[in-house]
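The structure appears right after this line, and notes come after that.
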Ligand SMILES: [Zn+2]
Ligand SMILES: [Zn+2]
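In the numbering used here, the protein residues as written are 58 to 370.
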């Protein structure tokens, strides 16, 4: 999996930072979280395009997170997209899309569905699921989490041979978790030929929130946490009332929830240098980055030798 931060700024765009949007690429599918102004341009610059785009998840209806939507929808239509697209977001997102289409007078040449959600399961597939959780901002806002299910353990060829399982379809059945009965009546259980299940990967997008009680549970064990890092410590007393987190607060969450890597986004335009903010965050959680536009982050499976059980329980 790969995450690309399309826009790392918040509030208003600057020459250095565009507005919130993050692309997540997984096995031929692409998801976008938030769609700040100029997201379509950032997609072009990143060379990701939108051919693989399956769904857009909007955190909330503050302008800096949604103004890019109409432009992207229009361009995809002009670019002769035919694949279906679903937009998920809080109540109001449908009206926003409908009014944009009505007053800007553009049609969409592809099946477009807009679903208003308030949290819980959003997409459930065989290999992964996407869930949403209300966070604590000034308006109703959702965080999103893509979580892969654990993969079956590695097939132990030597064990299968030792037990007398003939190569072929029985291997596949064992791999998919079925018991098989051999010619002589001997039953072989999957756990006799499979190693321990291997954890999947988890990515959380949690943007525009002050710290809140349920955050840690939702984020627990994520390999990558993309989080609101609007302010440095100098704005500590103002960040909460404004509905945001400081870099340090985000890093504290990352540490407590045992995440793999923290990427701070929604950086306030007031900061020309991110040095202090980064130092403050790294005091809490060393594996922190402050994103720049178009930065890409690989989310790899953990090497089996290094699997930290505590992050996946
Ligand atoms: Zn914002
Ligand atoms: Zn906001």
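Think of the CB as a built atom: it goes at the ideal place given N, C-alpha and C, for glycine as much as any other residue.
Check: Given a cut-off of 8 Å on the beta-carbon distance, is the pair residue 335 and residue 347 in contact?; Outcome: yes
Check: Where do the N-terminal and C-terminal ends of the alpha helix (DSSP H) with residue 155 fall, by residue?; Outcome: 150-161
Check: With H, G and I counted as helix, E and B as strand and the rest as coil, what does DSSP make of residue 133?; Outcome: helix
Check: Quick check: what's the CA-CA separation for residue 59 versus residue 92?; Outcome: 18 Å
Check: For residue 204, list the residues DSSP reports as bridge partners.; Outcome: 186, 259
Check: Roughly how many whole angstroms lie between the Cα atoms of residue 175 and residue 145?; Outcome: 10 Å
Check: Do residue 296 and residue 199 have their CB atoms nearer than 8 Å?; Outcome: no
Check: On the three-state DSSP scale, how would you describe residue 369?; Outcome: Low confidence applies here, because residue 369 scores a pLDDT of 45, under 50, leaving its location unreliable; read the following figure in that light. Of the three classes helix, strand and coil, the one that applies to residue 369 here is helix, per DSSP.
Check: Have a look at 276, 265, 128, 340 and flag the residue whose alpha-carbon is nearest the alpha-carbon of residue 324.; Outcome: 265
Check: How do the region 239-246 and the region 273-286 stand: do at least 3 beta-carbon pairs fall below 8 Å, yes or no?; Outcome: no
Check: Does the distance between the C-beta of residue 284 and the nearest non-hydrogen atom of ligand 2 fall short of 7 Å?; Outcome: no
Check: Between the region 151-166 and the region 183-202, do at least 3 Cβ pairs fall closer than 8 Å?; Outcome: no
Check: Measuring CA to CA, which of 340, 166, 206 is closest to residue 278?; Outcome: 206
Check: The alpha helix (DSSP H) spanning residue 98 covers which residue range?; Outcome: 96-102
Check: So the candidates are 226, 293, 202; which of them puts its Cα closest to the Cα of residue 258?; Outcome: 202
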